[in-house]
Amino acid sequence: MSGKVHYKMALVATLLVASCLLSASPLLAVASMNTIIDDFNDNSINTSLWQAISSGTGFTVKETNQRLQIWIAGTTSGDAGYQSRWALRGDFDMQVDFTLLNWPSGNGVEVGLGLNKPLLTDLIAGVALFGDHTATDGTHYNQIYYGETSVAFGSTVETDIAPGGGGSFRITRTGNTIDCYYMGPTDWINVAHSEDPSLALDAAFLLACGLNSGTIPGGLPVQIAFDNFQLQYDQLVFIPLPSALLLLGSGLLGLGLSGLRRKMKKG
Ligand SMILES: [Ca+2]
Numbered sequence: 203m204s205g206k207v208h209y210k211m212a213l214v215a216t217l218l219v220a221s222c223l224l225s226a227s228p229l230l231a232v233a234s235m236n237t238i239i240d241d242f243n244d245n246s247i248n249t250s251l252w253q254a255i256s257s258g259t260g261f262t263v264k265e266t267n268q269r270l271q272i273w274i275a276g277t278t279s280g281d282a283g284y285q286s287r288w289a290l291r292g293d294f295d296m297q298v299d300f301t302l303l304n305w306p307s308g309n310g311v312e313v314g315l316g317l318n319k320p321l322l323t324d325l326i327a328g329v330a331l332f333g334d335h336t337a338t339d340g341t342h343y344n345q346i347y348y349g350e351t352s353v354a355f356g357s358t359v360e361t362d363i364a365p366g367g368g369g370s371f372r373i374t375r376t377g378n379t380i381d382c383y384y385m386g387p388t389d390w391i392n393v394a395h396s397e398d399p400s401l402a403l404d405a406a407f408l409l410a411c412g413l414n415s416g417t418i419p420g421g422l423p424v425q426i427a428f429d430n431f432q433l434q435y436d437q438l439v440f441i442p443l444p445s446a447l448l449l450l451g452s453g454l455l456g457l458g459l460s461g462l463r464r465k466m467k468k469g
């Protein structure tokens with residue numbers, strides 16, 4: 203009799219343990235996410251993670267002063283920054299800080315954190331600060347934060363960051379859902395939220411800034427910096443370098459401006 207009771211108790215205990223393990227598995231998965239932090243303090247590009255990219259003329263991309271600094275002539279279109287040599291697969295949470303080191307009024311430069319399809323310039327998602335600028339159709343826009351995904355344009359929030367100021371961007375993906383944020387006065391503010399199977403594709407990530415061809419350049423030099431890049435991720439997949447060099451194009455900026463105009467016209 204007591205032997206049977208012990209057997210039953212042992213069975214129940216085993217089932218309880220199994221049940222706990224099963225219910226705990228999502229937590230274990232989160233805890234096992236990998237982390238990459240680049241504080242740029244070594245003043246040297248980590249070529250196992252990044253490649254410097256630029257299109258157009260007058261850009262300089264360099265790690266210096268313990269951050270990633272980008273100089274823009276302010277007279278030409280194109281963009282520049284760091285592009286990952288790896289694609290994100292699965293869930294992730296990444297963020298980066300930016301500083302507007304030299305930021306003349308009306309410069310039209312856009313600074314952002316983005317996701318592209320590997321080997322293509324197609325944007326999957328991005329969050330950016332767009333400086334006040336004049337579009338080629340003559341319309342003037344104030345400084346804004348905005349976010350978007352390939353599925354939908356998010357929202358715009360007007361702001362007014364003084365030269366020397368800065369902020370932070372963040373993009374997260376859980377399953378088929380992507381969220382884009384900027385750091386507000388007290389917490390992250392969501393400017394894009396989309397759910398679609400296409401958003402779960404492998405995605406290269408980039409820290410970029412530049413001028414869109416639909417923007418009249420402000421004419422004065424602009425300088426910005428990225429710092430404190432942090433990434434938690436499920437899996438990284440290597441991108442072959444020769445093709446990846448072609449990546450940036452209008453990836454972050456082209457869709458951004460067209461999306462912004464659609465949004466503005468609706469409003
Ligand atoms: Ca730093």
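Numbers given in this note's numbering equal positions in the sequence shown, counted from 1, plus 202. Using N, Cα and C, we set each Cβ at its ideal position, and we do this for glycine too. Being a predicted model, the structure only gives us computed values, none of them experimental.
- Distances between the C-beta of residue 248 and the heavy atoms of ligand 1 are all 7 Å or more.
- Taking all protein chains shown into account, residue 327 has 16 or more neighbouring C-beta atoms within 10 Å of its C-beta and is therefore buried.
- Sequence-distant Cβ neighbours of residue 349 in its own chain, meaning closer than 6 Å and more than five residues away, are 329, 356, 382, 393, 394.
- The segment 396 to 405 makes no contact with the segment 268 to 277; the number of CB pairs closer than 8 Å stays below 3.
- Remark: the shortest separation between the CB of residue 431 and any heavy atom of ligand 1 does not fall under 7 Å.
- Of the heavy atoms belonging to ligand 1, none sits nearer than 7 Å to the Cβ of residue 245.
- Annotation: the continuous beta strand (DSSP E) that includes residue 425 extends over 424 to 440.
- Taking each of 421, 414, 426, 407 in turn and checking the Cα distance to residue 325, the smallest one comes out for 407.
- The three-state reading of DSSP puts residue 400 in helix, counting H, G and I together.
- Residue 335 and residue 413 have their C-alpha atoms roughly 10 Å apart.
- Between residue 295 and residue 374, the CB-CB gap stays under 8 Å.
- Taking 7 Å as the cut-off, one finds no heavy atom of ligand 1 near enough to the beta carbon of residue 371.
- Shown here for residue 435: same chain residues with a beta carbon closer than 6 Å to its own, the five before and five after excluded, namely 236, 290, 294 in chain order.
- The residue from 370, 248, 418 with its alpha-carbon nearest to that of residue 339 is 418.
- Inclusion of residue 269 in the 7 Å shell around ligand 1 follows from its C-beta lying nearer than that to a non-hydrogen atom of the ligand.
- Where residue 255 is concerned, the enclosing beta strand (DSSP E) starts and stops at 252 to 256.
- Cβ-Cβ distances below 8 Å link residue 288 to 251, 406, 438, 439, 440, 441 in the same chain, with the five nearest sequence neighbours on each side left out; the list follows chain order.
- Residue 359 and residue 371 have their alpha carbons spaced roughly 14 Å apart.
- Counting along the chain, the unbroken beta strand (DSSP E) around residue 293 starts and ends at 280 to 304.
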